[in-house]
Amino acid sequence: MSMFKPSILTLALTAAGLNSFVVYAAEEDQKTKNDNVEVIEVKGFRGSVVESINTKRFTPEVVESISAEDIGKLPDSSIAESIARLPGLTAQRLDGRASRVSVRGFSENESATTFNGREQVSIGDNRGVEFDLYPSEIMSGVTVYKTPSAGIEAEGIAGVIDMQTVKPLSKGEQVIMFNGQYEQTGFDKLNPDGDDQGFRGTVSYIDQFADDTIGVAFAYNTMSSPNQEKRWNSWGYPDKAVEGYTDTYSMLGGAKPFVRSSTLERDTAMLVIEAAPTDRLNMTFDALYVDFSDEKILRGIEVPFGWGQGSMSAAEVPATNLVIDESTGFITSAITEDQRVVVRNDYEERNAELTQFGFNAKYDISDDWSVEFDVSRSEVERQIWSIESYSGTGRGDANGVADTIGYEFDGGNTGAQFTHNLDYSDYDLIQLGGPLSWGASAALNDKYGLTDTAYQNTAQDGFINAPEINDELSTLKLAASKVVDNAYISRVSFGMSYRDREKSKLSEGYFMTLKDFSLSNPGMLSIPEQYRLGSASLDFIGMGNMVAYDTNGLVNDGYYSLLQESLTDSKHKTQSWTVQEEVIAFFAQADINAELGSIPVTGNVGVRYVKTEQSSQGFAANTVDDLVVVSPTDVSHDYSHFLPSINLSFAIDEEQTVRFGAAKTISRARLDEMNSSVTASYNQQPDNNGNYWSVSGGNPELEPKEATGFDLSYENYFHEEGYFAAAVFYKDITQWIFDGAYEIDMSGVADPSTGEIPEYSTGTGSGKVNGGSGDLWGYELSLTLPFTMFSESLDGFGLIASHTGVEQDLTDQNGNDYELPGLSEQIDSLTVYFERNGFQARTSMRKRSDFKGDVYGLGFATTQVDIEGETIWDAQVGYDFSEGGVESLDGLSVTFQVQNITEEPFTTLSGDNSLQVRDYQDYGRTFLLGFSYKL
């Protein structure tokens, strides 16, 4: 193999952002007419490594990349898994799958994600992209820009992650490929109606027509991927006084352990049409469609304990029937009597549909001038339908058979073993209905006439969360560039872009009550025979078997009446909003091609001016006579930023490069924090700030976080398949977003309690505010080492390793220390591989230390928790019959993968005490057997 060394024109085009791939020598040869450029013969995983190295080497910015020799052949089955192995990057798992990517200590909300250079919509409540939406099978590569340049069409303090589809004209040949993969979970079915086997398949087609002036690429992927989990979930750990002891001790407040069976179904179609009717004109149309459905079945028993109704519910508990660990301050085992539980059969659907269209045209007006036009439209719709179904021995706190329940913590409080007397798989004992008084809703009590009766607050037999998201984004870009013939600058580029984004969320919840329930008929309902599914095992917590029934079927067939929670709970109005952003940007950039003494210097310097006009429509909500009343809100705000950047590469010799980058960057506020939906009340007397309104919720006048960053790195490309790099980075952070108070103008907003616009419009808001400052700094070490350097007998062996250290010192506007979400102080990755004569084998590890991350809380509200560090090992073996010389099976390759070999759990905490475990999620291993056939 030979390394592809690009021409000056290649570097100029790349620096201007006009060429996504510099590693395709054939394409560059066509553009530059340089017959001396050598072509890389990329094959297999090692070929992908060479492409990634060359992308890093010849891109002006500081980047990391992954690439594939063919569409559908990225080295991992998940885009997020591949990205998470890059130096300085890591991922947070969501239901066992890598989904949310952090870059250099910043969470997914501080980086931007683009698709073919265009900013992406997201299925979450905010801006951060969940990468399990995108199948790796349709991608040809991913580039992560750790330092920006003026021409990149996205903003993020952490960086920009660009996913790329194939360029069909660059392939130069017809490709027809079929990929298939069988999937098996390590756990047997945890639920009788769950899946433990799945399949994914891809067909892709690439061809060129009309004398290679028209290229077409099409790919279709379908996937049904099972995932299973045994989860320990605690309510918390209240401090209890114990008779005869002077200290207080932490007891289990309650637990909600369950077994989950999920199936992620995703159908994806991708189309790229590329036309080059002349040497000067290139046009590309791309389209992407994703139909995404994630179904979850969850069954478990919710066990109140210290916060229950039994003998351990008092503030001071008896010293009998419990064990105290004085060294930790925890009551490690206890028994409570006369306690009732809630048997849960839950069902959830998360459906999303994404469509995206883009068109790009590049035209060389002359040998010096070129212009670019780019337009795109993307949209995603997401609906969640999450059902909680309750059952037990009797309705309310005081009816039905109670149990004597004991617990004993597992080591590290990562779970517990319970003892019990009742059989929770007995369909004669466990019936549909609310066994505890959780339905404290005035509207629910009024509907059934329960107020001041023995059945007040007992009409909740389940609950449905049903939030919806719609995200739309239109973009336009006009740019031009001119080749400059002087000793310092090779090209000047300039242009403008426009982005129009609108994202809305609608939050709603529904109380479920058995349809025949009334004050005169307050009993439970025996589970109808046609909905019984047998039992689910909770042996992992010692609770034995529990009844399993078809909750979704019961709801769809009308066994429950529904009542909107938003009638009495204002949170659904404050979590419903629309945010619009119109962003106009102008940029100018000069590509550098100079010499400093005898050292060649390349790179770019530029500035980007970004003008943003944002507005939000929502609700001002209040509760009057136990019912929610609202007034509409509509708030606008605008701001602008100058964002200079410089990237310099100093070529010490043919192998060694020193890079320097500096830039000012921004990350826009989270959408759930910058909307105009609030709880609001008008007071007749002013507060200490002289304001009459009291407001809590979103702050539509939030502005982006800002940072000035510096990067310095040394890179040594000592082999065509190997390199070593050491980098240090620093960011000076200002305008971060914290909890605080702010002044808000409520002009035109009616007092929700009266419906009239009051005399005074100023208000004091409680929510998120810009302020505070601090620093983040760190270092990265990365190495790709082919063992053939040591001996020819080791040809095919190699390793890829990286280590990142990150520290921070950030304080809020009041001088209090603050820990950035997504920041792990240590990130490591390692891949050891062998590939020769068709045989492929590799094992990979990614490790991160503790961090703060976002999870879904009650009502699917985003909740930040402490997440413990983890180390995840995967392995893969395969054989490519073409490379092995088996002519009869030419084009066929097979692979076998094991994911999460060591069964690493996902653990979150209720506080900073490692024994206060909130969630302990055990996903087991996953096995995948696949094939690829290329015609």
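So the mapping is simple: my numbering equals the position in the sequence shown, first residue as 1, plus 20. Even for Gly, the Cβ is constructed at its ideal location relative to N, Cα and C. No experiment lies behind these values; they were computed from the predicted model shown.
Would DSSP call residue i helix, strand or coil?
i: Asn-944; result: The identity of residue 944 in the sequence shown is Gly, whereas the question assumes Asn. Correct three-state label for Gly-944: coil.
i: Val-149; result: coil
i: His-440; result: coil
i: Val-649; result: strand
i: Arg-105; result: coil
i: Asp-870; result: coil
i: Asn-541; result: strand
i: Ser-813; result: helix
i: Glu-130; result: helix
i: Phe-78; result: helix
i: Ser-636; result: strand
i: Glu-907; result: helix
i: Phe-379; result: strand
i: Arg-688; result: coil
i: Gln-140; result: coil
i: Gly-459; result: coil
i: Ser-406; result: strand
i: Pro-277; result: coil
Pick from the options: whose alpha carbon is nearest that of residue i?
i: Gly-858; options: Val-897, Arg-866, Phe-379; result: Val-897
i: Pro-277; options: Leu-616, Glu-322, Arg-868, Phe-951; result: Glu-322
i: Tyr-367; options: Val-123, Asn-485, Thr-685; result: Asn-485
i: Asn-129; options: Trp-458, Asp-387, Gly-176, Ala-170; result: Gly-176
i: Leu-801; options: Phe-78, Glu-84, Gly-67; result: Glu-84
i: Pro-548; options: Gly-562, Gly-453, Val-69; result: Gly-453
i: Leu-574; options: Lys-535, Ala-608, Glu-601; result: Lys-535
i: His-440; options: Thr-434, Asp-446, Ile-425, Gln-451; result: Ile-425
i: Asp-559; options: Thr-946, Gly-435, Leu-583; result: Gly-435
i: Ala-700; options: Asp-654, Asp-771, Lys-631; result: Asp-771
i: Val-650; options: Tyr-629, Tyr-383, Thr-588; result: Thr-588
i: Phe-238; options: Asp-658, Ala-761, Ser-546, Ser-160; result: Ser-160
i: Trp-252; options: Leu-929, Gly-710, Lys-954; result: Leu-929
i: Ile-686; options: Ser-665, Asp-673, Phe-670, Glu-674; result: Ser-665
i: Lys-631; options: Ala-605, Asn-613, Ser-902; result: Ala-605
i: Ser-457; options: Arg-415, Gly-835, Phe-207; result: Arg-415
i: Ala-733; options: Ser-669, Ile-757, Ser-786, Thr-754; result: Looking at the sequence provided, one finds Ser at residue 733 rather than Ala. Nearest option by C-alpha distance: Ser-669.
i: Ile-181; options: Ser-660, Leu-109, Pro-487, Asp-570; result: Leu-109
i: Glu-408; options: Ile-317, Met-197, Leu-449; result: Ile-317
i: Gly-67; options: Glu-855, Asn-790, Leu-539, Val-655; result: Glu-855
i: Ser-513; options: Phe-607, Asp-795, Pro-806; result: Phe-607
i: Lys-872; options: Gln-860, Ser-844, Val-852, Ile-892; result: Ser-844
i: Ala-500; options: Ala-746, Tyr-383, Asp-692; result: Tyr-383
When the distance is taken between beta carbons, is residue j closer than 8 Å to residue i?
i: Ala-5; j: Leu-342; result: The structure shown does not extend to residue 5, since the chain is modelled only from 21 through 955, so no value can be given for it.
i: Thr-79; j: Asn-136; result: no
i: Thr-2; j: Tyr-712; result: Residue numbering for the chain in the displayed model covers 21 to 955; residue 2 lies beyond these limits and cannot be assessed.
i: Pro-188; j: Glu-294; result: yes
i: Ala-372; j: Phe-312; result: yes
i: Ala-479; j: Phe-537; result: yes
i: Leu-667; j: Gly-681; result: Residue identity check: residue 667 is Asn in the sequence provided, not Leu. Yes, Cβ-Cβ distance for Asn-667 and Gly-681 is below 8 Å.
i: Val-149; j: Thr-163; result: no
i: Ile-509; j: Asp-611; result: yes
i: Ser-245; j: Arg-220; result: yes
i: Ser-86; j: Thr-804; result: It is Ile, not Ser, that sits at residue 86 in the sequence shown. No. Outside cutoff.
i: Val-875; j: Thr-863; result: no
i: Ser-1044; j: Arg-117; result: Nothing about residue 1044 can be read from this structure; the chain reaches only from 21 to 955.
i: Gly-273; j: Gly-214; result: no
With a threshold of 7 Å (Cβ to nearest heavy atom), would residue i be considered close to the ligand ADP?
i: Ile-226; result: This structure lacks the ligand ADP, and indeed carries no ligand of any kind.
query: Would you say the region 419-434 touches the region 934-942, given that touching needs at least three Cβ pairs under 8 Å?
result: yes
message: Any contact between the region 712-721 and the region 629-639? By contact I mean 3 or more CB pairs, one from each, below 8 Å.
response: yes
field: Three CB pairs or more closer than 8 Å across the region 801-818 and the region 770-788
entry: no
query: Can you give, in chain order, each stretch of the beta strand (DSSP E) that sits fully within the region 217-262 and has at least 3 residues?
result: 217-229, 234-256, 259-262
field: Validate contact between the region 562-580 and the region 500-508 using beta carbons, cut 8 Å, 3 pairs
entry: no
query: Touching or not, the region 589-596 and the region 608-622, by the rule of three or more beta carbon pairs under 8 Å?
result: no
query: Would the region 492-499 and the region 392-408 be scored as touching if the rule is three or more Cβ pairs under 8 Å?
result: yes
- prompt: What are the complete alpha helix (DSSP H) segments, minimum 4 residues, inside the region 503-591?
  reply: 571-576
message: With three or more beta-carbon pairs closer than 8 Å as the criterion, would you say the region 338-352 touches the region 254-273?
response: yes
task: Would you be able to state if there are at least three C-beta pairs under 8 Å between the region 746-760 and the region 723-733?
output: yes
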